[in-house]
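Residue numbers (the numbering used here): -6 to 101.
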């Protein structure tokens, strides 16, 4: 899969709704549909690709963090933590939220 195909399928359709959590303006059923799509797509991608996307520019990073969190990729928790601690990370709400999802799920 080319980078263009990857972005067309996995990033472009989703980053707008995830930016600043714009999805909260949607109906519950639309949010459920969005999250289910992200889970399914996240399950299609390898850990390595998700890590690459997480450490890419903000659009792929945002989508990747949500895919990791929603698809319960606990093995990638440390990658999210590394991203948050990277020098220059200023917009990390997507990683913080999904790290919190991991912590909550692990405590349950």
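Virtual Cβ for every residue (Gly too), placed ideally from N, Cα, C. Note that the coordinates shown come from a computational prediction; the quantities given were computed from them, not determined experimentally.
Cβ-based neighbour list, residue i, same chain, cut-off 6 Å, excluding 5 preceding and 5 following
i	result
residue 24	16
residue 101	Bear in mind that the predicted position of residue 101 carries a pLDDT of just 40, short of 50, making it unreliable; the figure below should be weighed with that in mind. So no residue of the chain qualifies.
8 Å Cβ shell around residue i - same chain, five flanking residues per side excluded
i	result
residue 104	There is no way to answer for residue 104, as the model of the chain reaches only from -6 to 101.
residue 85	76 and 77
residue 32	60, 63 and 64
residue 70	92 and 95
residue 102	This structure cannot settle anything about residue 102, because the visible part of the chain is limited to -6 through 101.
Simplified DSSP assignment, three categories, for residue i
i	result
residue 5	coil
residue 21	helix
residue 13	helix
residue 38	coil
Integer-rounded CB distance, given that residue j should sit under 8 Å from residue i
i	j	result
residue 90	residue 52	Not quite, the Cβ-Cβ distance comes to about 16 Å (not below 8 Å), so this is no contact.
residue 72	residue 47	6 Å
Own chain residues within Cβ distance below 7 Å of residue i, not counting five before or after
i	result
residue 34	3 and 60
* **Stretch pair the region 56 to 66 + the region 24 to 44: three plus CB contacts closer than 8 Å** => yes
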